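Student: Let me begin by handing over the structure; questions about it come next.
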Amino acid sequence: MNKEAQEVFAKKQAELDAYAATVSEAETILKQLQKEVEEKREELAALKSSEENSNYENHELIKELIELDEKHQKEIEKMQLKHKQEVESLHADFAQTLQEAEQWANKHSEVALQEKINELNELKEQAQTFKLQLNELTYTQTRSRTAKIVDEVQRKSSDQITQLEAQISELTAITREEMRDARAKIDECVAAVEIRRENHAAELRRLENEANQRSERYAAHIQALKEQFDLEKATLQQSIDSINARSENTENIINQLGKHHEAQLFAVNNDIDTMRKSLSSPKTKTRNSLDAVRNSLRESKRLAVECNNIDEEIKMIDNEIFQLEDENKDLRKELKRLSLRVNRSIF
């Protein structure tokens, strides 16, 4: 009986080990899926770190990430279904094995008890036959000798009957004890299977909840980072556009100043030519020419001062252009730094 029960327990332990291996394989598949999701997120981060990354590529990566999450969810559902089927199969096999063990124990005890009862009945029949034979044999002998033989036979028969009854009682007690032990071990095994099934189910629920929570957190975090990145990118783009507009405006001012300077130089040259012509005219026009010369000289000085001022303004504008170019470089560096920070924040 103990050997049969040990074989049953060994079989159930092997089934539980196989079930544990299946759960371990499911956890390995889950880790592989999570690794694929992390790799896709790294690819998304690498693409976001590039300045030439387009919204279409981001959309495709996000779509692929969603497909991986759906695949992950389907794998979890598939593992849950497989787990449920295996648990149901284990319950069915265990119930059948338990029923077979109980039937075998009951049959074994009933057969042993019936054998001892049959032996007792046979001995009783033999004793009755001996009594009849003794009665027939001793009918012709003396009464004292007959009484001794009958007493001896009855005593032996009584001793044998007592021994057989004691053996039957002992065998019945042993059988009942073995049945109690077998049932206790079977109940213990059933409880262990149920506890392990509940633990695996709880672990699967925990993993599923954790995966869902991580997916939600990652999606929200990625969305927030994307919005922040787009906002900062738009702000930097506006700053760059404003600086470019200022640069274009400054260039227009420089062009206008250059044209104005050329016009003034042309006017000065005309005045000088006029002065030269005046100097070659008759003396009656000398005084007027001198006044014109004085006016021209004053105008020339004024124009020279104005030209110097224009040159200073041009130098200042050139310096401002250089500063704007430096600011553009700094803004580009800041944009790259923000992109890298966004990519690092994803992980």
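Quick note on the working numbering: the sequence shown kicks off at 262 and runs consecutively.
All C-beta atoms, glycine included, are put in the ideal place defined by N, C-alpha and C.
Being a predicted model, the structure only gives us computed values, none of them experimental.
(1) Rounded to the nearest angstrom, what separates Lys544 and Glu567 at their Cα positions?
(2) So does the region 589-601 actually touch the region 486-496, counting three or more Cβ pairs closer than 8 Å?
(3) Does the Cβ of Tyr479 lie closer than 7 Å to at least one heavy atom of the ligand MG?
(4) Less than 6 Å between C-beta atoms, sequence neighbours within five positions excluded: which residues of the same chain meet that for Thr403?
(5) Please classify Leu622 as buried or exposed, where buried requires at least 16 other C-beta atoms within 10 Å of its C-beta.
(6) With a 10 Å radius around its C-beta and 16 neighbouring C-beta atoms as the bar for buried, classify Ile435 as buried or exposed.
(7) Any beta carbon from chain B within less than 8 Å of Glu574's own beta carbon?
(8) From Asn569 to Asn589, what does the alpha carbon distance come to, in whole angstroms?
(9) Please report how far the alpha carbon of Leu486 lies from the alpha carbon of Ser476, in whole angstroms.
(10) Please determine, among Glu469, Ala528, Arg444, Ala443, the residue with the shortest C-alpha to C-alpha distance to Glu331.
(11) Using a 10 Å radius around the Cβ and a threshold of 16 neighbouring Cβ atoms, would you call Ala524 buried or exposed?
(12) Would you call Ala684 buried or exposed, if buried means 16 or more other Cβ atoms sit within 10 Å of its Cβ?
(13) How big is the Cα-Cα spacing for Glu383 and Glu459?
(14) Alpha carbon to alpha carbon, what distance is there between Asn510 and Met577?
(15) Using CA coordinates, which residue listed in Ala528, Ser503, Asp572 is at the minimum distance from Glu586?
(16) Give the single residue among Ala427, Asn531, Gln517, Gln498 whose Cα lies nearest to the Cα of Glu574.
(17) Rounded to a whole number of angstroms, what is the C-alpha to C-alpha distance between Gln424 and Asp442?
(18) Taking the C-alpha atoms as reference points, what is the distance between Gln499 and Lys335?
(19) Given Ala427, which residues of its chain have a CB within under 7 Å of its CB, disregarding the five upstream and five downstream residues?
(20) Alpha carbon to alpha carbon, how far is Glu455 from Gln489? Give it in angstroms, no decimals.
Tutor: With the given structure in hand:
(1) As a position in the sequence shown, residue 544 is number 283, starting the count at 1. As a position in the sequence shown, residue 567 is number 306, starting the count at 1. For Lys544, the predicted structure reports a pLDDT of 49, less than 50, and the residue's modelled location is therefore unreliable. A value from the coordinates is still provided. Rounded to the nearest angstrom, the two C-alpha atoms are 34 Å apart.
(2) Verdict: yes, contact present.
(3) Ligands displayed in this structure: none; no statement on the ligand MG is therefore possible.
(4) As a first step, residue 403 must be located in the sequence shown, where it is residue number 142. Reliability fails at Thr403, whose pLDDT of 49 lies under 50, so the model's placement of it is uncertain and the value that follows must be treated cautiously. Answer for Thr403: no residue qualifies.
(5) One cannot answer for residue 622 here, as it falls past the ends of the chain, which runs 262 to 608.
(6) Here residue 435 corresponds to residue number 174 of the sequence shown, with the count starting at 1. Its Cβ having fewer than 16 others within 10 Å, Ile435 is exposed.
(7) No chain B is present in this structure, which holds just one protein chain.
(8) Position 308 of the sequence shown, counted from the start, is the residue given in the question as residue 569. Position 328 of the sequence shown, counted from the start, is the residue given in the question as residue 589. So the alpha carbons of these two residues sit roughly 30 Å apart.
(9) Your numbering for residue 486 matches position 225 in the sequence shown. Your numbering for residue 476 matches position 215 in the sequence shown. Rounded to whole angstroms, Leu486 to Ser476 spans 15 Å at the Cα level.
(10) Taking the sequence shown and counting its residues from 1, the one referred to as residue 331 is at position 70. Comparing Cα positions, the closest option is Glu469.
(11) Within the sequence shown, residue 524 is the residue found at index 263, counting from 1. Exposed, since its Cβ has fewer than 16 Cβ neighbours within 10 Å.
(12) The chain is shown from 262 up to 608; residue 684 falls before or after that span and cannot be answered.
(13) For the purposes of this step, residue 383 is identified with residue 122 of the sequence shown, where counting begins at 1. For the purposes of this step, residue 459 is identified with residue 198 of the sequence shown, where counting begins at 1. C-alpha separation (whole angstroms): 55 Å.
(14) Within the sequence shown, the letter at position 316 stands for residue 577. Within the sequence shown, the letter at position 249 stands for residue 510. Rounded to whole angstroms, the gap between the alpha carbons of Met577 and Asn510 is 14 Å.
(15) For this step, residue 586 is matched to residue 325 along the sequence shown. When each option's Cα is compared against that of Glu586, the closest is Ser503.
(16) As a position in the sequence shown, residue 574 is number 313, starting the count at 1. Nearest to Glu574 by C-alpha distance, out of Ala427, Asn531, Gln517, Gln498, is Gln517.
(17) The count along the sequence shown starts at 1 and reaches residue 424 at position 163. The count along the sequence shown starts at 1 and reaches residue 442 at position 181. Straight across, the Cα-Cα distance linking Gln424 with Asp442 is about 27 Å.
(18) Along the sequence shown, one-based indexing puts residue 499 at 238. Along the sequence shown, one-based indexing puts residue 335 at 74. Lys335 has its alpha-carbon roughly 45 Å from the corresponding atom of Gln499.
(19) Position 166 of the sequence shown, counted from the start, is the residue given in the question as residue 427. Contacts found: none.
(20) On the sequence shown, position 228 is the one that residue 489 refers to. On the sequence shown, position 194 is the one that residue 455 refers to. Near 50 Å, if we compare the C-alpha coordinates of Glu455 and Gln489.
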